[in-house]
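Residue numbers (the working numbering): 990 to 1815.
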């Protein structure tokens, strides 16, 4: 039982009341729970809010349409390092642009306050997962903030990837249009003109991937479980009546090939009007000044001709930057033989057309190719070359280090420091730039080449070049001092250490495995503290299974283990389990499959709803080969007491993972949603709920388990909203665990409104928390260590006391609004 003796700790807990019974609306109105109307701002915005935002943005857009921006920057959002996004963020006074949008883009933008809501154009070099895996998260973010549409630029067919992805996310208020990318028809707006240059590779005739045999088609609406605007739940047939449809063999188009290079030239900025010169020439205040500033010559009433050039400073020419990816050496012929680039290299006929910088998304093996080096060397010696690829070091998030250093104070083993140095600039480590003599960094080739990090920028207007002033660093001492500065925390920490020491006496000879690494403990979209769903279940030293794989899961693994150890961990992952097909539970799968293929040729088992095959087949046929990287085991084939898997396949699966059993049950969420139980070789049963409301099937599956990992998306007084979205509250998750006699309950999948700390009911309400733990990202805990987790509560509440107070204030306001609504409908 949790006990809290400190008055301040008790004060910040506040009142945890239950949801009051609400009467339906008056006759003639469909019933809709008022809780839905006061949803927290972290949830999707309502229609009227989005329409209002769209109207505001349209007015701003019209007002700024003819204004040439005075500030333009190229900002590195994702450095392209292993585990990081690949993204160049171009910022002007009025508009933002993305060049490539890899997994984790939205999370980095949120942390570093880079506005995605003003992005109306996304430029993709090569349509691969590395460049487009972050689009679902970005789309959700911009939609909820009033962006009604944006355009996707790239090789023909790039839009097909986004169209396939959007099945797994709710995009009711956002339209994505494919841009017409023609070398004869450049893109132009108030900021810049973009010329398209398509790079190609030799074609292969009669490519067998052009024909799709038995293509699976999945028409499931994975959000039909949510209430429609009229308050009625959309109906859908149960899983037993839904089957994947098969089409006849057909041509859907072959692989989308080609890499689009973008030659971007800023619009020239008019010179400023010199008022002193105007006075000297007899120009009086009035509309004439505006005409002169706009570059027009005017005639005064006395017949004097005033030339704009005589009273204005010279216009500022627009510098050129080029964004390019040469994905393989197969594209080198197209690149080196293309005459267009000569107009921007050292041979340019006009000095203003010489490229100021070239941003290379090109992989390292191509960068080192002599032909690519030769192409680079054709640019002016003043041209700066920016490298965004897998050899960079910066993963880009400082916030994860901040919270990990604080949590480390509570228990160094459960919250260990990361093994990798993700920032070269730090208080404790500052190794020199890695410069390879046989790479393009060699000064004989070009002295102005930069290995960039997140938040490095290139200032194009004003033209001041590379700026590293915002380079990220980690400050361990600062993080610790912040925790120690909280009133009462040091006393709580001392008490915690005493309690842990007493509890740990029984752990001396406890087995190391199984243990759980929480890679993502948030719901919907990631924030800087909690990533989306991902749990690495380490069954033994050689075998692991990944439970769900949200966006950025691969990055979390690399951050936690470091690049070298991550290679070893990837080899241990013998299976990935996907609970259901909402994007926040599986959109990181392709990235993980591709990264794992770099270190082992052994396919993993993909235990997932069968409907996932439609998405993976399409990706394989249109974009990149992935079908050889996994063996699909449908969740419906391993249902509790109804295993339909062949004996040979089941034996193969169990042997690969070194487990006794893996079973699933259907749970109450979207169509084809499952819970799972994994029983290891020692008989330990670990159960994972996925997303669900309290569910009898799950209780049967988890009977007498050692560990239940259960979603707890919302706090208790938001039960109506949780029911609407088919999620569980904290108390519901705990009750489910108690009903199945789980020895320990680990809560996860918190709404992002609870980034630092969920709002937990008080123990005075009769709930026992002795066997309940709160999950955090990058928490590594063995079964034997689970009893330590409840001991952390008092210290956690103090460490995040300001955040807990904020949660209480929100809850109080929400309760007042609900009471007001109650009165209106009585």
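Backbone N, C-alpha and C define an ideal beta-carbon position, used for all residues, glycine too.
From the listed residues 1153, 1084, 1546, 1067, the smallest Cα separation to residue 1057 is found for 1084. Taking 8 Å as the cut-off, the Cβ atoms of residue 1443 and residue 1679 do not count as close. Collapsing the DSSP output to three states places residue 1665 in a strand. Nearest in C-alpha terms to residue 1595, of all of 1583, 1580, 1611, 1618, is 1618. DSSP, reduced to helix, strand and coil, places residue 1076 within a strand of the structure shown. Closest by C-alpha distance to residue 1676, out of 1690, 1531, 1721, is 1690.
For residue 1523, the enclosing beta strand (DSSP E) begins and ends at 1523-1527. Residue 1518 places its beta carbon 8 Å or farther from that of residue 1538. Secondary structure at residue 1451: coil, using DSSP grouped into helix, strand and coil.
In the displayed model, residue 1174 falls within a strand according to three-state DSSP. CA-to-CA, the gap between residue 1279 and residue 1286 works out to about 11 Å. Looking only at 1614, 1635, 1613, the smallest Cα-Cα distance to residue 1623 is reached by 1635.
Selection 1717, 1096, 1300, 1250 evaluated against residue 1315 yields 1250 as nearest (Cα-Cα). Membership of residue 1723 in the alpha helix (DSSP H) is indicated by the continuous run 1719-1728.
Here residue 1447 has 1063, 1346, 1455 as same chain residues with Cβ atoms under 6 Å from its own Cβ, once five neighbours each way along the sequence are excluded. Burial state of residue 1114 is buried, judged by a 10 Å Cβ sphere holding 16 or more other Cβ atoms. Under the criterion of beta carbons closer than 8 Å, residue 1628 and residue 1644 do not qualify as touching, at roughly 21 Å. Between residue 1506 and residue 1399 a beta carbon distance of about 17 Å is seen, past the 8 Å cut, so the two are scored as non-contacting.
Taking the Cα of residue 1688 as reference, the smallest distance to any Cα among 1669, 1667, 1727 is reached at 1727. In summary, residue 1088 is buried, with 16 or more beta-carbon neighbours lying within 10 Å of its beta-carbon over all protein chains present. Pairing residue 1541 with residue 1743, the inter-Cα distance amounts to about 19 Å. Three or more beta-carbon pairs drawn from the stretch 1167-1186 and the stretch 1137-1151 are found closer than 8 Å, and the two stretches are therefore classed as touching. Under the three-state reduction of DSSP, residue 1564 is assigned to strand. Straight-line measurement puts the Cα of residue 1547 at about 55 Å from the Cα of residue 1284. Here DSSP, grouped into helix, strand and coil, assigns residue 1164 to strand. Between the beta-carbon of residue 1747 and that of residue 1763 there is about 6 Å, and that keeps the pair under the 8 Å contact cut. Residues of the same chain with a CB within less than 8 Å of the CB of residue 1192, apart from the 5 flanking positions on each side, are 1246 in chain order. Put simply, of 1583, 1385, 1591, 1438 the residue whose alpha carbon is nearest the alpha carbon of residue 1608 is 1583. Taking a 10 Å sphere around the C-beta of residue 1737, we find 16 or more other C-beta atoms and assign the residue as buried. Residue 1253 is a Cβ neighbour of residue 1312, given a cutoff of 8 Å. Counting along the chain, the unbroken alpha helix (DSSP H) around residue 1606 starts and ends at 1601-1611.
For the set 1309, 1304, 1351, the Cα lying nearest the Cα of residue 1319 is the one of 1351. Note that the C-beta distance between residue 1271 and residue 1255 is not below 8 Å. Per DSSP, residue 1310 is one residue of the beta strand (DSSP E) stretching across 1309-1313. Within the model, the alpha-carbon separation for residue 1368 versus residue 1357 is close to 17 Å. With the rule of 3 Cβ pairs closer than 8 Å, the stretch 1289-1307 does not count as touching the stretch 1329-1337.
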